[in-house]
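Below: one structure, written as structure tokens.
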Amino acid sequence: MKVFLVSLGLLLLLLFLFSLIGKNSKYSDFGINFKRVFCPKCNTKQPIVRKPANQRQALFGGYTCKKCDTEMDKFGTEIKE
Ligand SMILES: [Zn+2]
């Protein structure tokens, strides 16, 4: 039981640390963004539950705006191909 609690604590700590990674960090791909994301172009709120549209989105997160098809990362920064 104690082991379980310790690993749970470690997991929470890790989640917390990852959520501290900002979008300007070089590790931002591994960051976790708990805030709602808005489209950089039309300001549409992006859904919490998302369907990855490509491999990058599946790996690192990110959204494709339903309204204007803009691709953004999980922080809401526009991605230009
Ligand atoms: Zn949009």
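For the sequence shown, position 23 (counting from the first letter as 1) is numbered 53 according to this note's numbering, and the numbering increases by one without interruption. We put the CB at the ideal spot given by N, CA and C, even for glycine.
Buried/exposed call for residue i, threshold 16 Cβ in 10 Å
{"i": "Asp-99", "result": "exposed"}
{"i": "Cys-95", "result": "buried"}
{"i": "Val-36", "result": "exposed"}
{"i": "Gly-39", "result": "exposed"}
{"i": "Tyr-93", "result": "buried"}
Three-state secondary structure (DSSP) of residue i
{"i": "Phe-48", "result": "helix"}
{"i": "Lys-110", "result": "coil"}
{"i": "Phe-64", "result": "coil"}
{"i": "Ser-97", "result": "The identity of residue 97 in the sequence shown is Lys, whereas the question assumes Ser. Coil at Lys-97, not helix or strand."}
{"i": "Lys-30", "result": "Here the chain has residues from 31 to 111 only, and residue 30 is not among them."}
Cβ pair residue i, residue j closer than 8 Å
{"i": "Arg-86", "j": "Lys-75", "result": "no"}
{"i": "Met-102", "j": "Cys-69", "result": "yes"}
{"i": "Gly-48", "j": "Phe-60", "result": "The sequence shown places Phe at residue 48, rather than the Gly named in the question. It is a contact, given that the beta carbons lie within the stated cut-off."}
Specify which residues have a beta carbon nearer than 7 Å to any heavy atom of ligand 1, listing them in chain order.
Cys-69, Lys-71, Cys-72, Thr-74, Cys-95, Lys-97, Cys-98, Thr-100
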